[in-house]
Amino acid sequence: MLVDGYEYTSDEEIELAKNKKHDISAVVDRLVVKEGIRSRLAESLELAFELSEGLVVVKLLQDDGEEQDLLFSRDFACPDCGFSLPELSPRMFSFNSPFGACPECGGLGEKREFDPALVLDMELTLEEGAIIPWSISSHNYFRQILLGMSEKYKIPMDQPLNTLSAKQIQIILSGNQGEQFKINYINSRGETGSFYTRFEGVINTLKRRYQETKSDLAREEMEKFMTISLCPACHGQRLRPEILAVLLGERSIAEVTAMAVRETMAF
Numbered sequence: 307m308l309v310d311g312y313e314y315t316s317d318e319e320i321e322l323a324k325n326k327k328h329d330i331s332a333v334v335d336r337l338v339v340k341e342g343i344r345s346r347l348a349e350s351l352e353l354a355f356e357l358s359e360g361l362v363v364v365k366l367l368q369d370d371g372e373e374q375d376l377l378f379s380r381d382f383a384c385p386d387c388g389f390s391l392p393e394l395s396p397r398m399f400s401f402n403s404p405f406g407a408c409p410e411c412g413g414l415g416e417k418r419e420f421d422p423a424l425v426l427d428m429e430l431t432l433e434e435g436a437i438i439p440w441s442i443s444s445h446n447y448f449r450q451i452l453l454g455m456s457e458k459y460k461i462p463m464d465q466p467l468n469t470l471s472a473k474q475i476q477i478i479l480s481g482n483q484g485e486q487f488k489i490n491y492i493n494s495r496g497e498t499g500s501f502y503t504r505f506e507g508v509i510n511t512l513k514r515r516y517q518e519t520k521s522d523l524a525r526e527e528m529e530k531f532m533t534i535s536l537c538p539a540c541h542g543q544r545l546r547p548e549i550l551a552v553l554l555g556e557r558s559i560a561e562v563t564a565m566a567v568r569e570t571m572a573f
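Each number in the working numbering corresponds to the 1-based position in the sequence shown with 306 added.
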C-alpha cells in the first residue's frame, strides 16, 4: 500500500491524521514486461479497477531508475480536469444528430448574426428611419418605443446617428439592461394612455423575432440584416468539443473527413 507516496506492507500499522487529506493507493501487482503476461495483467487491472472504482495508476520504471506514472480511467472522464461524456455511440459523431452537433451553431459550422452595419444607417436620424428593419415596418409600436427611449436617455431623434456618442449607439443596439421607462401613446381612436416597458435593443429584438417567427418570409426578410461567420465554438468542424476530443491515430473525425480520398485511404 502507498500512503502519501510512502510504501507500507499489509501488516504494518498506518497512522492517518484525522484532519488531513491523504493520498492512499493499493499496490495490486508488479510485472516485468515480457511475453505471456497478458492474462495476469488483465486480472491485475480488473482487480485494481474494482478496488478503486475506476481509476488505476501504472508506475513505469525507466532505464535511468526514474518512475513515470500513467493514470487510466475506466469511465469516460478525465480524473484531472473533470471533463466527461456519456458512453460513445455512432450518433455522437454526426453533426446531423443533436447528440453530436455543436450546441453553439446547431451543427452548421457557421453562425448567422445580425450586423449593426446592416441594421443601422449612420447617415440618417432615428426620425428618418436610421433603424432600417424598423423603418420598413408599418407597426407604430416601434416608433412609440423609440420616442420613449429618446426621452428617457436624451437620445435625439433629429440628429444623424454618426453624431451620437458610442454609449447612445450602444443603448440603441443592445438596450438599457432591463431598466423600465414610461411610454406615452395615442391609439388609432385618438385616445391617449401610457405604460411602462423595457427596451431590449434593436439587435436583441431582431434575434428574438427571428427565433420566434414561424414565417419563412419573415425570416428571409430578417436575414438581409445578418452576416455569416465561422462558429467560434467548433471553428467550422460542426461537432461538440467532447466529440472532437476523441482521437484515432492522433486525429479527430473532423480532421479525417477533411482529408482527400487518397490521404484518407492511406490513413
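Glycine is no exception: its CB is placed at the ideal position from the N, C-alpha and C atoms.
Note that the structure is a prediction, hence the values are computed from the model and not measured.
G454 in three-state terms, based on DSSP: helix
Residues of its chain near G542, where Cβ-Cβ distance is below 6 Å and the 5 sequence neighbours each way are ignored: G415, L536
9 Å Cβ cutoff met for I509 and F420: yes
Alpha carbon of E410 to alpha carbon of L426, nearest angstrom: 26 Å
Alpha carbon of A323 to alpha carbon of K417, nearest angstrom: 55 Å
Cα-Cα separation, L376 to E319: 28 Å
Straight-line gap, I549 to E359 (C-alpha atoms, nearest Å): 25 Å
Sufficient close CB pairs (3 or more, under 8 Å) joining the segment 467 to 485 to the segment 494 to 508: yes
Element boundaries [beta strand (DSSP E), containing N490]: 486 to 492
Chain-order list of residues whose beta-carbon lies under 8 Å from that of R557 (same chain, five-residue window excluded): F573
Outcome for P439 when other beta-carbon atoms lying within 10 angstroms are tallied against a minimum of 16: buried
DSSP-derived helix/strand/coil call for A332: coil
Backbone CA spacing between P250 and L366 [nearest angstrom]: Residue 250 cannot be examined here, being either before or after the span of the chain that is shown, 307 to 573.
Nearest-angstrom Cα separation, counted from A332 out to V309: 9 Å
Beta-carbon contacts of Q368 that lie in its chain and below 8 Å, excluding the five residues immediately before and after: Q374
Proximity test, W440 beta-carbon vs the ligand MN heavy atom, cut-off 8 Å: The ligand MN is absent from the structure shown, which contains no ligands of any kind.
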